[in-house]
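Written out below as structure tokens is the structure these notes cover.
6 protein chains.
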Amino acid sequence: MRVDGRAFNEMRKVEMVLDYIKTAEGSVYISVGDTRVICTATVEDKVPPFMRGTGKGWVTAEYAMLPRATQTRTIRESSKGKVGGRTMEIQRLIGRALRSVVDLEQLGERTLWMDCDVIQADGGTRTASITGAFVAMVDALYKMVKAGTLPRLPVKDFLAATSVGIVGTQPCLDLCYEEDSSAHVDMNVVMTGSGKYVEVQGTGEEAPFTPEELHSLLDLAKLGTQQLIAYQREVLGEAAALIGGNAVENTTD
Amino acid sequence: MRVDGRAFNEMRKVEMVLDYIKTAEGSVYISVGDTRVICTATVEDKVPPFMRGTGKGWVTAEYAMLPRATQTRTIRESSKGKVGGRTMEIQRLIGRALRSVVDLEQLGERTLWMDCDVIQADGGTRTASITGAFVAMVDALYKMVKAGTLPRLPVKDFLAATSVGIVGTQPCLDLCYEEDSSAHVDMNVVMTGSGKYVEVQGTGEEAPFTPEELHSLLDLAKLGTQQLIAYQREVLGEAAALIGGNAVENTTD
Amino acid sequence: MRVDGRAFNEMRKVEMVLDYIKTAEGSVYISVGDTRVICTATVEDKVPPFMRGTGKGWVTAEYAMLPRATQTRTIRESSKGKVGGRTMEIQRLIGRALRSVVDLEQLGERTLWMDCDVIQADGGTRTASITGAFVAMVDALYKMVKAGTLPRLPVKDFLAATSVGIVGTQPCLDLCYEEDSSAHVDMNVVMTGSGKYVEVQGTGEEAPFTPEELHSLLDLAKLGTQQLIAYQREVLGEAAALIGGNAVENTTD
Amino acid sequence: MRVDGRAFNEMRKVEMVLDYIKTAEGSVYISVGDTRVICTATVEDKVPPFMRGTGKGWVTAEYAMLPRATQTRTIRESSKGKVGGRTMEIQRLIGRALRSVVDLEQLGERTLWMDCDVIQADGGTRTASITGAFVAMVDALYKMVKAGTLPRLPVKDFLAATSVGIVGTQPCLDLCYEEDSSAHVDMNVVMTGSGKYVEVQGTGEEAPFTPEELHSLLDLAKLGTQQLIAYQREVLGEAAALIGGNAVENTTD
Amino acid sequence: MRVDGRAFNEMRKVEMVLDYIKTAEGSVYISVGDTRVICTATVEDKVPPFMRGTGKGWVTAEYAMLPRATQTRTIRESSKGKVGGRTMEIQRLIGRALRSVVDLEQLGERTLWMDCDVIQADGGTRTASITGAFVAMVDALYKMVKAGTLPRLPVKDFLAATSVGIVGTQPCLDLCYEEDSSAHVDMNVVMTGSGKYVEVQGTGEEAPFTPEELHSLLDLAKLGTQQLIAYQREVLGEAAALIGGNAVENTTD
Amino acid sequence: MRVDGRAFNEMRKVEMVLDYIKTAEGSVYISVGDTRVICTATVEDKVPPFMRGTGKGWVTAEYAMLPRATQTRTIRESSKGKVGGRTMEIQRLIGRALRSVVDLEQLGERTLWMDCDVIQADGGTRTASITGAFVAMVDALYKMVKAGTLPRLPVKDFLAATSVGIVGTQPCLDLCYEEDSSAHVDMNVVMTGSGKYVEVQGTGEEAPFTPEELHSLLDLAKLGTQQLIAYQREVLGEAAALIGGNAVENTTD
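Keeping their order, the protein sequence lines are chains F, U, G, E, Z and Y.
When we follow UniProt numbering, the leftmost residue of the first sequence carries the number 1, and every step to the right adds one.
When we follow UniProt numbering, the leftmost residue of the second sequence carries the number 1, and every step to the right adds one.
When we follow UniProt numbering, the leftmost residue of the third sequence carries the number 1, and every step to the right adds one.
When we follow UniProt numbering, the leftmost residue of the fourth sequence carries the number 1, and every step to the right adds one.
When we follow UniProt numbering, the leftmost residue of the fifth sequence carries the number 1, and every step to the right adds one.
When we follow UniProt numbering, the leftmost residue of the sixth sequence carries the number 1, and every step to the right adds one.
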């Protein structure tokens with residue numbers, strides 16, 4: 001029995017609210033248990049210097065936590081004057097994960113800025129950010145398709161992420177903060193709708209893990225990400241039908 | 001007739017949700033029209049160096065906007081590596097305003113960190129922050145009173161803020177972003193429940209203003225802040241009764 | 001009786017030395033009591049990005065204090081690696097105030113950089129900076145008029161600033177540092193030659209103030225700024241006659 | 001056939017020179033093909049604030065590249081004034097990996113600072129750094145054991161790292177820079193002498209990968225890390241015998 | 001004939017005003033031709049960490065230029081967020097030079113902060129700073145002697161600095177900015193009252209120089225520094241008599 | 001007798017390895033006693049803004065030490081977020097020294113970036129850096145001559161540097177760290193092959209020095225730099241023959 005009464009292979013309650021922020025091109029509010037994140041998408045009509053002239057677009061992410069997202073107040077990175085290592089690692093992960101399912105050529109020379117701001121943290125903020133940012137990104141791109149700016153949705157597959165870990169000796173799905181703090185092995189897995197891996201990041205700082213343990217964790221991650229993708233499909237509505245290369249025209253057949 | 005159909009002396013719709021963030025000692029979500037701010041209070045059991053040994057407490061504020069609170073994305077101050085002048089000016093204003101109604105001796109050697117994070121901006125973010133932060137602060141202090149940590153609520157009066165300005169030639173109450181952008185005169189007023197001024201910050205960069213115009217604006221500000229204080233009273237419930245020096249014991253008489 | 005023997009409505013001794021710095025396009029040394037500031041004007045033939053192509057000019061200000069302008073040494077902001085909140089607030093105020101009396105269209109696509117460096121501080125450094133910077137700015141612009149670079153002086157009105165405050169229960173004009181430290185209410189007022197307000201910044205952190213107190217303070221501020229403008233008129237000599245839209249040609253009539 | 005003529009499961013030439021830097025407590029020069037890294041160990045008799053009073057030690061790492069380690073000059077992070085995201089991610093990885101095999105209680109309240117400075121880069125700099133830093137760390141700790149400062153070597157197991165990836169459709173071991181640039185899947189694996197995983201970091205930004213591909217890569221990684229550990233054993237000489245909990249006394253039996 | 005009509009071995013006009021800044025413990029305004037510098041001394045009753053417990057004091061210097069000290073405006077180092085290499089080099093030089101004539105043991109565990117702020121620059125700002133800072137330092141220390149805080153003046157000798165250089169083929173004394181810009185060889189020399197060298201910093205970036213040229217320059221530097229020391233002696237009045245170890249008591253014999 | 005047994009006029013053992021770093025256009029590893037430096041040259045086909053359009057090139061240098069180059073670990077400047085004063089002073093010195101022997105017109109609009117990274121420090125790191133960087137620079141330029149990119153080697157003379165100082169009362173050549181720490185006078189001298197001075201930087205912070213002592217030190221410096229230049233000539237081989245304006249064609253006569 002886990003600290004919050006869940007079974008080892010049970011996710012926390014998930015909620016997603018589309019178009020949560022009026023000022024953004026795409027947005028979603030996602031909660032996974034007590035972890036709550038605001039994800040927004042910004043579309044910019046240019047790309048970073050290293051992509052110019054390639055005809056391809058780019059997806060980048062920024063991640064932050066409000067100071068009181070945590071049990072004790074965290075000093076703002078703007079006050080410290082620099083972005084910390086953990087933050088950079090997470091935003092590089094989110095950007096990389098999202099790019100893996102975007103057809104950058106179809107996107108054209110545009111940059112998608114994905115902002116993930118954690119307003120309350122209870123473990124799994126990076127995976128909730130990826131799962132939510134995917135929805136906010138599709139939201140923004142779908143509006144461009146409807147407006148005729150894009151001929152088709154440049155999204156190749158669904159994408160969701162979850163954390164898994166070994167608590168005591170038990171592999172568990174979707175760790176809350178208390179579990180995460182005491183886990184010996186901690187792994188974040190990003191998977192596509194077709195069941196492929198985009199990111200596998202497992203660390204056994206407290207205790208190196210065996211190949212068998214690795215397999216158990218990967219199985220749990222698959223279970224969790226597939227459930228998250230089902231939620232995404234629901235909240236995205238008709239936009240969901242265009243993922244994977246279906247053109248707008250075809251969906252009306 | 002104003003851009004959003006309001007009368008010149010009419011405020012936008014106000015909403016406040018108490019205890020919006022579970023991880024913080026006090027918190028409120030405040031919306032004033034489309035301006036939405038999350039305010040949290042953190043209680044720290046020590047004071048900054050310049051206050052040590054005085055027996056008095058301190059109240060300080062930090063203010064920030066999510067990148068997509070605005071119509072076009074604003075670069076994070078953490079990415080720029082420094083806090084901008086506008087942000088510093090606003091957080092100094094919020095801190096000063098809140099301190100004016102706190103009895104720092106009764107607070108004791110503690111620091112209240114008030115965080116105001118704008119998640120959507122449509123004008124008046126600093127005044128909404130002050131109005132909301134006051135509620136979050138009372139929320140946190142009232143819990144300390146109830147827990148016996150503080151003998152009485154160290155809050156001397158209510159406090160609320162609004163913006164006023166001259167749009168065209170018409171003095172108006174509670175400017176939205178579109179009005180604010182075109183106003184010739186822009187003024188932020190912070191007032192107490194007893195109708196005294198805590199801050200009067202008027203600027204006529206576009207057009208210097210006459211003493212008569214100043215008076216019209218101050219009258220509107222009084223109207224607006226008194227309405228906001230009525231909302232605060234409502235959302236604070238029984239904590240409201242302790243503001244102004246009433247001890248907990250007395251309220252049960 | 002005040003700490004330095006002045007009446008409540010009496011300013012400190014004021015001195016202004018025009019063209020104090022040979023290397024600058026315009027400059028003045030101003031002392032108000034023991035507060036001493038060097039103000040210089042720099043003319044740059046381009047504007048910041050947000051003004052490009054508008055045909056209009058810009059005025060911006062920077063403010064600093066030498067480390068030993070104060071009774072105890074203040075660490076340089078260059079050593080700290082960042083400009084503090086108080087400094088930013090002051091330089092934003094100076095820039096805004098000066099812009100209110102400059103005809104930015106007549107200035108053309110040029111930037112005026114106004115530097116105010118306090119070499120000795122005894123209260124009222126920001127208001128002395130505004131009063132001095134106005135003179136240095138007119139000095140630089142008048143030279144451009146004389147050189148034929150500008151057809152007329154793009155300055156609409158005189159501009160001066162003073163501080164007022166409530167010391168004990170007495171509203172007083174032009175606070176020195178000792179008074180400022182103990183004042184309950186502190187207000188900086190920037191006014192034009194025609195008696196309009198450009199900035200009204202009053203703060204009652206120590207004690208909120210009533211509408212009546214506000215009026216007394218504003219009356220004192222008017223008295224002080226009009227005296228300062230008389231000094232400015234004197235030191236500026238023939239340039240003074242061109243303020244408010246009089247063309248050079250007319251002055252020779 | 002690979003770009004440099006190796007078989008898919010063949011590592012590049014490895015060289016390690018112990019005690020390469022006289023001024024450091026422990027040091028090694030490691031080359032893996034044309035990737036060359038100087039690793040040093042510093043022993044400090046205190047721990048970071050979050051570890052104080054726990055009786056346990058800490059291991060932390062810093063990683064950098066000389067400007068001309070790369071084919072085109074890279075700007076120094078000291079000149080940019082901040083440490084980049086990639087650098088932070090790598091030094092967090094190195095530190096975490098090393099801590100997994102150190103008995104922090106036996107180490108006592110000391111910090112090991114592991115510096116990994118890449119003097120020439122040709123792919124796999126982070127994995128070469130981990131492999132080399134392990135040797136430099138054991139070097140420093142072994143000297144402490146010999147000097148009687150530590151009763152036994154607080155190192156639980158060997159540790160080495162390698163990169164693997166899918167180049168074209170071929171899983172390959174130990175990618176050089178040219179291969180790494182064109183790989184669809186890129187994975188860094190850190191393993192112990194007993195064949196357990198410490199870190200598995202696989203990313204399929206270019207192309208998500210299947211469970212089967214994951215297994216092939218993990219097999220190659222095991223092959224490579226075991227060869228590296230054989231080299232470590234050789235260069236460490238008698239210190240190698242103390243890894244895994246053997247006391248100094250026992251080795252002389 | 002030089003650009004400003006001086007002979008090759010002639011210094012510019014020198015002026016020194018003692019106690020120029022009321023708020024500082026010691027201060028001087030020095031002008032050497034059109035180069036004008038405000039030098040202040042601050043006495044702090046503690047020393048930097050590396051000197052603690054040694055019983056000795058420390059002397060450190062900071063140097064800056066106002067933005068319009070120069071013909072074109074120089075961006076503030078506080079705005080750039082870092083102190084430049086030239087500034088650091090100069091302040092290290094000033095501190096080192098002053099320390100060479102201070103008896104740090106007699107000073108006791110105190111730090112002298114010497115601030116040199118150039119308000120107008122026309123070449124030789126670093127040497128004018130050293131010459132002026134010496135006077136401001138003696139000014140502050142002499143007050144401590146008179147107040148009984150120090151038993152005797154902890155200053156071993158006079159100290160002054162000048163620049164020399166080869167303009168065309170002519171060695172010249174005390175270069176102004178125009179000469180400095182075109183000089184092939186540029187040398188700053190700091191000397192004591194007894195004619196010893198404290199700093200010799202010659203650079204022939206434009207044209208390496210011969211031993212004979214070096215000697216001519218050193219001769220000119222001696223001439224200039226001895227004249228500057230005569231000025232210092234005059235402005236320091238009775239404090240001058242205590243330099244070199246004479247106790248206060250003795251001077252009244 | 002000196003601390004390491006050398007005579008007062010004896011240099012430490014010198015070693016230079018050309019082309020030490022494959023990735024750089026020119027490189028050398030230099031050791032002078034236990035001081036070891038990696039010097040690389042980068043050729044960039046543009047110049048800094050202040051040189052654009054002049055037809056001339058530029059030479060700039062960066063200097064750093066690995067954290068464990070020193071007996072106790074030095075914090076990385078990238079971690080501190082700024083480059084220290086000592087580092088800036090040294091890299092300005094190296095750049096200036098190298099430029100003095102380069103014909104910047106013949107170089108054309110190119111920048112040479114010279115990186116000097118100290119991997120082990122035992123005194124004299126800046127002079128070893130200059131001596132080594134000269135070789136790495138010639139190495140890179142000679143390759144450009146051989147490739148036909150440059151018509152002739154734009155190097156006017158040899159260049160080497162050494163430190164001298166007064167240890168006790170004895171002037172000594174090439175101080176090691178232990179001597180340097182206790183020297184009363186410390187001087188760095190950069191000289192050309194033809195025996196001219198490029199930089200003379202002597203400081204007598206501990207004890208001002210006489211003209212006679214200055215001459216003794218300069219004589220020792222000449223002895224040392226001429227020996228270093230003999231080494232440079234040897235390691236540079238045929239490139240050495242082109243220094244001083246000899247064209248490639250001529251060398252085959």
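Where a beta carbon is used, it is the ideal one built from N, C-alpha and C, also for glycine.
Predicted, not measured: the structure shown is a model, and the values here were computed from it.
Would you mind telling me which residues of chain E sit closer than 8 Å to residue i, beta carbon to beta carbon, in chain order?
i	result
TYR231 of chain F	Here the premise fails: no neighbours, minimum Cβ distance about 20 Å.
Does residue i pass the burial test, meaning 16 or more other C-beta atoms within 10 Å, or should it be called exposed?
i	result
SER78 of chain E	buried
SER31 of chain F	buried
ALA230 of chain U	exposed
ALA69 of chain E	buried
ASP4 of chain E	exposed
Residues in its own chain within less than 6 Å of residue i by CB, not counting five upstream and five downstream?
i	result
SER100 of chain G	VAL198
VAL37 of chain G	ILE30, CYS116, VAL118, ALA128, SER129 and GLY132
GLY224 of chain F	MET11, THR162, LEU173 and ASP174
What does residue i touch in chain Z if you count any residue whose Cβ is under 7 Å from its own?
i	result
ARG73 of chain G	THR42 and TRP113
What residues in its chain sit with their C-beta under 8 Å from that of residue i, if we drop five residues either side in the sequence?
i	result
VAL47 of chain Z	THR54, LYS56, GLY57, TRP58, GLU109, ARG110 and THR111
LEU18 of chain Y	SER27, VAL28, VAL135, ASP139, VAL235 and LEU236
ASP180 of chain G	GLY123, GLY124, SER163, GLY165 and ASP186
For residue i, which residues in chain Y fall below 8 Å Cβ to Cβ?
i	result
ILE196 of chain Z	Note on identity: in this sequence residue 196 of chain Z is Lys, with Ile being the wrong assignment. The answer, in chain order, is GLY204, PRO208, PHE209 and THR210.
Starting from the beta carbon of residue i, find every residue of chain F whose beta carbon is closer than 7 Å, and list them in chain order.
i	result
ALA24 of chain U	ARG68
Taking only three categories from DSSP, how would you classify residue i?
i	result
ASP117 of chain F	strand
GLU10 of chain Z	coil
ILE38 of chain Y	strand
THR162 of chain Z	strand
TYR29 of chain G	strand
GLY148 of chain Z	coil
THR225 of chain Y	helix
LEU242 of chain Y	helix
Kindly list, in the order they appear in chain Z, the residues whose Cβ is closer than 8 Å to that of residue i.
i	result
THR169 of chain Y	Going along chain Z, no residue has its Cβ under 8 Å from THR169 of chain Y, so there is no contact; the nearest lies around 15 Å.
So which residues of chain F does residue i contact, with C-beta pairs closer than 9 Å?
i	result
GLU76 of chain U	It should be noted that the sequence gives Arg, not Glu, for residue 76 of chain U. Per Cβ cutoff of 9 Å: GLU62, ALA64, GLU77, SER78, VAL83 and ASP115.
LEU220 of chain E	Those within 9 Å of LEU220 of chain E in chain F number zero; the least Cβ separation is about 14 Å.
In chain G, which residues lie less than 7 Å from residue i when you measure between Cβ atoms?
i	result
ILE21 of chain Z	ARG68, ILE119 and GLN120
ASP4 of chain Z	None at all; the shortest Cβ gap to chain G is about 14 Å.
What residues from chain Y crowd round residue i, counting only those whose CB sits closer than 9 Å?
i	result
GLN226 of chain Z	Going along chain Y, no residue has its Cβ under 9 Å from GLN226 of chain Z, so there is no contact; the nearest lies around 14 Å.
Mind listing the chain G neighbours of residue i? Cutoff is C-beta to C-beta under 8 Å, in chain order.
i	result
ILE38 of chain Z	LEU66 and ILE119
Going along the chain, which residues of its own chain have a beta-carbon closer than 7 Å to the beta-carbon of residue i, five neighbours each way excluded?
i	result
LEU93 of chain F	ARG126 and GLU199
> In chain order, which continuous runs of the beta strand (DSSP E) of length 3 or greater are located wholly inside the region 176–210 of chain Z?
Replying inline: Within the region 176–210 of chain Z, the beta strand (DSSP E) runs of at least 3 residues that lie entirely inside it are, in chain order, 185–192 and 197–203.
>> To test your reading of the DSSP string, which unbroken beta strand (DSSP E) runs of 3 or more residues are found completely within the region 44–99 of chain F?
In response: Runs of the beta strand (DSSP E) lying entirely within the region 44–99 of chain F, each at least 3 residues long, are 58–65 in chain order.
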